[in-house]
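Data first, discussion second: the structure below is written as structure tokens.
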Amino acid sequence: MATCTLMAASCSGSDSAVDTSRLTDQEKQWVDFSYAHEKNDQIKRNWEELSAEGVKSYLHRQRPRLCGDTAELLRSLKEAGYTAEEMQEYKEKTEELICSHL
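The sequence shown finishes on residue 101 if you use numbering that gives the first Met the number 0, and the numbering steps up by one all the way, no holes.
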């Protein structure tokens with residue numbers, strides 16, 4: 000089985016190194032988007048260090064937070080330094096790629 004990372008051209012052409020081989024296409028798109036917009040370098044490194052199963056498990060555990068209380072999600076994004084426009088884009092991508100497929 001070939002490993003698919005976001006860095007691989009066959010996945011998305013991104014320059015990240017997150018193993019998305021166990022994710023659906025929508026989940027891969029969301030991880031790519033989230034990684035590309037992450038402002039905290041330590042969180043990026045944490046994503047990179049996860050195995051494919053770890054990425055899938057992490058995303059599964061985050062779904063309630065991502066798809067639950069929108070106000071809380073936006074508050075946490077604001078605290079992380081996201082602009083209003085970035086928060087809106089993050090919310091829309093999350094709804095489109097993660098929450099609508101539950």
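Ideal Cβ positions, reconstructed from N, Cα and C, are used throughout, including at glycine.
Between the CA atoms of residue j and residue i - distance to the nearest angstrom
i   : j   : result
A51 : K43 : 15 Å
D24 : D18 : 13 Å
T82 : Q61 : 21 Å
K27 : M86 : 20 Å
A70 : A16 : 30 Å
K92 : H36 : 12 Å
Y57 : K38 : 18 Å
D40 : E47 : 11 Å
R74 : L49 : 26 Å
Which listed residue (the options) has its alpha carbon closest to that of residue i
i   : options               : result
Y89 : Q41, D40, D31 and K55 : D31
C98 : A16, W29 and E71      : W29
Boundaries (first-last residue) of the alpha helix (DSSP H) holding residue i
i   : result
L96 : A83 to L96
A70 : T69 to E78
N45 : D40 to E48
H59 : A51 to C66
E26 : D24 to H36
Beta-carbon proximity check, residue i vs residue j, cutoff 8 Å
i   : j   : result
L76 : L65 : no
Contact belief for residue i with residue j at Cβ below 8 Å, rounded distance in angstroms
i    : j   : result
L175 : V54 : No answer is possible for residue 175: the residues shown for the chain start at 0 and end at 101.
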